[in-house]
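Here's the structure we're looking at; comments come further down.
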Amino acid sequence: MSNCEKVNLFKLQGQYLRFIVENHTELNILEHIEDCEACREKILDAVKNDAPSPDYGNLFQRDFDDSTVPQYSDYENPLNFIDARIYWRKRRLVEIIKNAEMELDDLETRL
Numbered sequence: 031m032s033n034c035e036k037v038n039l040f041k042l043q044g045q046y047l048r049f050i051v052e053n054h055t056e057l058n059i060l061e062h063i064e065d066c067e068a069c070r071e072k073i074l075d076a077v078k079n080d081a082p083s084p085d086y087g088n089l090f091q092r093d094f095d096d097s098t099v100p101q102y103s104d105y106e107n108p109l110n111f112i113d114a115r116i117y118w119r120k121r122r123l124v125e126i127i128k129n130a131e132m133e134l135d136d137l138e139t140r141l
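This is how it looks when you write it as structure tokens:
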């Protein structure tokens, strides 16, 4: 980074903005999945076959080491599992975005 604090703050601001945009994009995709039959079918196939989906990373993998994440074994219906994972991830994203926006606001007061 530069020796100039203001330049460093501008670079950090850009990193926060990119992070916020990327998380908003993921949130928009999850909201789309809730209503798109074609996307839900693709995810359902991946869940049933226990195969990772390149489009969604490990979000819908059956087993997750984190106990706060909905587990496949807790659901009789795979669609309910998918909905639970979407709901869980959306809640996390909203929290992450909110925290990043607060940090960005604080950073921008120093610019």
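Residue numbers for the sequence shown follow my numbering, beginning at 31 and rising by one. From the three backbone atoms N, C-alpha and C, an ideal C-beta is built for every residue, glycine too.
Does the region 31 to 42 touch the region 87 to 96, meaning 3 or more C-beta pairs lie closer than 8 Å?
With a cut-off of 8 Å, the region 31 to 42 and the region 87 to 96 do not count as touching, because too few Cβ pairs lie within range.
Can you tell me which residues form a DSSP beta bridge with Gly-87?
Ser-83
My assumption, with CB atoms under 8 Å, is that Tyr-102 sits in contact with Phe-111. Please give the rounded CB distance.
The C-beta distance from Tyr-102 to Phe-111 rounds to 5 Å, short enough to fall under 8 Å.
By DSSP, does Tyr-117 sit in helix, in strand, or in coil?
helix
For Val-77, count neighbouring C-beta atoms within 10 Å of its own C-beta (all shown protein chains included) and say buried if the count is 16 or more, exposed if not.
buried
Opening and closing residue of the alpha helix (DSSP H) in which Asp-95 lies:
Unbroken run through Asp-95: none, as it is neither H nor E.
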